[in-house]
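The structure appears right after this line, and notes come after that.
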Amino acid sequence: MRDVIKRIRQFLWNTLLKRIRLKDFPTFRKLSFNKLRKTAASFVHRKDGGEVAGMFLAHGRVVTDDLLERYAGRNFRSVFKACRHWRKVLGKMFARVADPFPASDKKHNPSVTLGTIKRMKELRQQGMVINAIAAEVGLHRATVRTYLDK
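For the sequence shown, our numbering gives the first residue as -16, with consecutive numbering after it.
What follows is the structure, encoded as structure tokens:
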């Protein structure tokens, strides 16, 4: 079961990286999921210590007392506190986007990334016609028109 989860996680991570490199940033570094996981654990370890980092990573036992493991569940309060802290710290980085996941009842195309929309608007401001923009970004002219009209 653990191996299946690992393969699924790797597949999803690689799919996300490919989409980012294909759609928005061709020079985006290709790093493994474990690099992201290790970085997150390092942040938690630096602020909250090894035991919390071990629970954050969900590694086996953190405490060596067998009776404690049998009679009491782990207190994940410190892990949640660490996650809240890093959400706050990293939130500054994402604060530039007013609403990253806007609720909309309109049909939208999830394959059109924010970077592509930005590129379409830049090209339109440069005076390009919709057909040329569509050819440039690889979308149908109706899709380009829809996103430019928003």
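We put the CB at the ideal spot given by N, CA and C, even for glycine.
Query	Result
Does any CB atom of chain D fall closer than 7 Å to the CB of Val27?	The structure shown contains no chain D, having only a single protein chain.
Using only the alpha-carbon positions, how far apart do Phe26 and Ile3 sit?	24 Å
Quick check: what's the CA-CA separation for Leu(-5) versus Gln108?	35 Å
Is any heavy atom in the ligand NAD found nearer than 6 Å to the beta carbon of His68?	This structure lacks the ligand NAD; in fact it carries no ligand of any kind.
Suppose you measure from the CA of Asp31 to the CA of Ser61; what does that come to, to the nearest Å?	8 Å
Note down the Cα distance separating Ala55 from Gln(-7), rounded to an integer number of angstroms.	With a pLDDT of only 42 at Ala55, under the threshold of 50, the placement of this residue in the model should not be trusted; the figure read from the coordinates follows. C-alpha separation (whole angstroms): 33 Å.
Does the region 105 to 119 come close enough to the region 12 to 20 that 3 or more CB-CB pairs lie under 8 Å?	no
Go to Phe39, then tell me how far its alpha helix (DSSP H) extends in each direction, as first and last residue.	33 to 40
Name the two residues that bound the continuous alpha helix (DSSP H) containing Leu131.	124 to 132
How big is the Cα-Cα spacing for Ala134 and Val(-13)?	Since the first residue of the chain shown is -16 and the last is 133, residue 134 is not available in this structure.
Quick one: using the 10 Å Cβ neighbour count with 16 as the cut-off for buried, is Phe39 buried or exposed?	buried
Shortest alpha-carbon distance to Phe59 belongs to which of Trp69, Met76, Ala41, Lys75?	Ala41
Rounded to whole angstroms, what is the Cα-Cα separation between Arg70 and Glu34?	20 Å
Which term fits Met76, buried or exposed, when burial requires 16 or more other beta carbons within 10 angstroms of its beta carbon?	exposed
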